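Residues in the sequence shown are numbered consecutively from 527, following the numbering used here.
C-beta atoms are modelled at their ideal positions from N, C-alpha and C, and glycine is treated no differently.
The structure presented is a predicted model; accordingly, all values stated were derived computationally and were not measured.
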Amino acid sequence: MKLKLRILHVLSFVFAAAIPFYNSQSTGSHTFGKPIHLVVLGAALYFLMGSDYQKRNPLRHTRLPFSGNFILFSILLVVSMGVANGATSMGSQLVLYYVELTLVYLLFSSVLFERAVINTCFYGLMCGFCVSIFIALMQFLKIPGFNMFKDDELNANVYFSSQADSADVLRIWGPFGNALTFSYYLSVAGCLLFYFYFYVLKRRIIAWAVFGMTLFGISVTISRTALFAFLFCLGLVHFFAISRRKRISFFFIATVLFIVGSIYLSSLAADNPLLSRFNSTQDDFKGGRLNLWQTGYKTWLNDIFFGTGPGNLNRKLYENGWRAIYTDTMDNTPGHVENYYLTLLFTFGLVAFFFYLLFIIRYLQGSFRLLMNGLKDEKLAAGIPFFGSMICLLVNNLTNPAMHFDVRLQVLMILQMAIANNLYKQYILTPVEPTAPLLPIKPLTI
Numbered sequence: 527m528k529l530k531l532r533i534l535h536v537l538s539f540v541f542a543a544a545i546p547f548y549n550s551q552s553t554g555s556h557t558f559g560k561p562i563h564l565v566v567l568g569a570a571l572y573f574l575m576g577s578d579y580q581k582r583n584p585l586r587h588t589r590l591p592f593s594g595n596f597i598l599f600s601i602l603l604v605v606s607m608g609v610a611n612g613a614t615s616m617g618s619q620l621v622l623y624y625v626e627l628t629l630v631y632l633l634f635s636s637v638l639f640e641r642a643v644i645n646t647c648f649y650g651l652m653c654g655f656c657v658s659i660f661i662a663l664m665q666f667l668k669i670p671g672f673n674m675f676k677d678d679e680l681n682a683n684v685y686f687s688s689q690a691d692s693a694d695v696l697r698i699w700g701p702f703g704n705a706l707t708f709s710y711y712l713s714v715a716g717c718l719l720f721y722f723y724f725y726v727l728k729r730r731i732i733a734w735a736v737f738g739m740t741l742f743g744i745s746v747t748i749s750r751t752a753l754f755a756f757l758f759c760l761g762l763v764h765f766f767a768i769s770r771r772k773r774i775s776f777f778f779i780a781t782v783l784f785i786v787g788s789i790y791l792s793s794l795a796a797d798n799p800l801l802s803r804f805n806s807t808q809d810d811f812k813g814g815r816l817n818l819w820q821t822g823y824k825t826w827l828n829d830i831f832f833g834t835g836p837g838n839l840n841r842k843l844y845e846n847g848w849r850a851i852y853t854d855t856m857d858n859t860p861g862h863v864e865n866y867y868l869t870l871l872f873t874f875g876l877v878a879f880f881f882y883l884l885f886i887i888r889y890l891q892g893s894f895r896l897l898m899n900g901l902k903d904e905k906l907a908a909g910i911p912f913f914g915s916m917i918c919l920l921v922n923n924l925t926n927p928a929m930h931f932d933v934r935l936q937v938l939m940i941l942q943m944a945i946a947n948n949l950y951k952q953y954i955l956t957p958v959e960p961t962a963p964l965l966p967i968k969p970l971t972i
């Protein structure tokens, strides 16, 4: 069993550390880290550890509500494909993508339940995070050996031009080849790691180092949503961590800082075309996203319950008047509407989307209980990171649909889901002897 545990620790570390590189790095015609590869890895770990290891998890057969909703959502995607007229090969690939990710969640939930293994996953996540920041720094310093992608492989969003065209810069893409997807990863992973080192391990110098690295990484991608999500979620968890008497003053100070910061950025943006991006949110919304959402809404009305069907969204948007689509990519990309939730709704319909919403709500309820119990009892502190990080992920989804086609972001969510699933069973469903409470504490001091 000792050898098996060592293998589990090593592979769990690699599983978390390699997240930024899944399905993007290849040798010849072989691409590493596809969903099916992760299914094989999870199955190998499951059978390697065997029944003796599984017996250490007494509530392994208990299915939490959010897990059931997540599984039902995946099943209903198959139904949507069956109901939709003219299912495409891309549609089949998209459904298979979600089904494989569901299997990844189930398999890793069965092995990531011991505290030492969970810590190993966080160490691996920290390793991958630091490597990604280092690659971003080298790209920022314009060292060609760290570009990692050819120019024609980079997403169009890495090229930024100001409204007046007086500034043309490259937004850093890290190991992702996509600036906005990279910033999404940094904000969510940054939240998870900050909470882990600050509240769980109480290594606050490391936590603040993570904070600084995250701010640097997001700033060089020039991503507004990721920056807001990261800072908002850190502030939200801090709000719950302090005593009730201090919450009013914290809310007041945070509001004042937000207003003053917004005014200051507006004044700077007048002389700095690069900072003008932070003031162009309303223009971007009216000029792009709103029109796309309106077209998507008209498309969805044709089949409210089962949507356009997987793989058909681009063509249906085009038929309803949206012309900002390259015809050569119409049928070989999944399609999206610059919002992950609306993309799911328009593609798979109301039935599947309803169960996805149930999954989100029930996961947030469970992770919030883990957060509050962890703040009250030091023994349960391992459950603190998952509420804030999930909120961060959900905020990013409002303007970034990348989870619909990027396995790295899905695995980042699945990793925290699998761990939170087991911690909830251990901390909420199984009584734990209380220890001295953590409140009141000074959560944001080294």
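Which same chain residues, not among the five before or five after residue 720, have their C-beta less than 7 Å away from its C-beta? 733, 736, 737 and 760
In the segment 629 to 691, which residue ranges form an unbroken beta strand (DSSP E) of at least 3 residues, counting only runs that do not cross its ends? 685 to 687
Distance, Cα to Cα, residue 915 vs residue 731? 20 Å
Find the nearest neighbour of residue 653 within the set 922, 547, 822 and 842, judged by alpha-carbon distance. 547
Give the DSSP-derived three-state secondary structure of residue 956 in the structure shown. coil
Whose C-beta lies closer than 8 Å to the C-beta of residue 843 among residues of the same chain, with five residues either side of it excluded? 818, 821, 822, 825, 851, 861 and 863
Please report the straight-line C-alpha distance between residue 539 and residue 646, rounded to a whole angstrom. 6 Å
Return the chain-ordered list of same chain residues with a C-beta closer than 6 Å to the C-beta of residue 948, the five sequence neighbours on each side being excluded. 639
Cβ neighbour criterion (16 or more within 10 Å) applied to residue 562: exposed
Using 8 Å for Cβ pairs, my map puts residue 705 next to residue 749. What's the rounded Cβ distance? 7 Å
In the DSSP assignment, find the unbroken alpha helix (DSSP H) run with residue 838 in it and report its ends. That residue, residue 838, is in no alpha helix (DSSP H); it is neither H nor E in DSSP.
Would residue 837 and residue 617 qualify as a contact pair, given that the criterion is a beta-carbon distance under 8 Å? yes
Is the beta carbon of residue 542 less than 8 Å from the beta carbon of residue 651? yes
Using the C-alpha atoms, what's the distance from residue 643 back to residue 692? Here the model assigns residue 692 a pLDDT of 48, short of 50, so the residue's position is not dependable, and the following value carries that caveat. Looking at the two C-alpha atoms, the distance is approximately 51 Å.
Among 722, 701 and 762, which one has its Cα closest to the Cα of residue 743? 701
Taking a contact to mean a Cβ-Cβ separation below 8 Å, would you say residue 908 touches residue 726 in this structure? yes
Any 3 or more C-beta pairs closer than 8 Å across the segment 581 to 591 and the segment 564 to 573: no
Are the CB atoms of residue 951 and residue 585 nearer to each other than 8 Å? yes
Give the C-beta separation of residue 630 and residue 603 to the nearest angstrom, bearing in mind that I take them to be a contact with Cβ-Cβ under 8 Å. Rounded, the Cβ-Cβ distance is 15 Å, inconsistent with contact.
Check whether the Cβ atoms of residue 606 and residue 833 sit closer than 8 Å, and answer yes or no. yes
Given that a residue counts as buried once 16 or more other Cβ atoms are within 10 Å of its Cβ, and exposed if not, what is residue 930? buried
Buried or exposed: where does residue 679 fall if 16 or more other Cβ atoms within 10 Å of its Cβ makes it buried? exposed
Length of the line joining the Cα atoms of residue 690 and residue 598: Confidence at residue 690 is low in this model, with a pLDDT of 49, below 50, so its placement is unreliable and no value can be given for it.
Could you tell me which residues DSSP pairs with residue 696 in its beta bridges? 685
Leaving out the 5 sequence neighbours to the left and right, which residues in its chain are closer than 6 Å to residue 683 when beta-carbon positions are compared? 705 and 706
Proximity below 8 Å, CB of residue 665 to CB of residue 672: yes
Classify residue 593: buried if its beta carbon has 16 or more other beta carbons within 10 angstroms, exposed otherwise. buried
For residue 777, count the other beta carbons within 10 Å of its own beta carbon; 16 or more makes it buried, fewer makes it exposed. Which is it? exposed
Straight-line Cα distance separating residue 703 from residue 674: 8 Å
Cβ neighbours of residue 830 in the same chain (closer than 7 Å, five flanking residues each side left out): 875 and 876
So, under 8 Å CB-CB, residue 871 and residue 879 are touching, yes? Tell me the CB distance rounded to an integer number of Å. 4 Å
Buried versus exposed call for residue 786 [16 or more other C-beta atoms within 10 Å across all chains shown]: exposed
Would residue 723 and residue 636 be called neighbours here (beta carbons separated by less than 8 Å)? no
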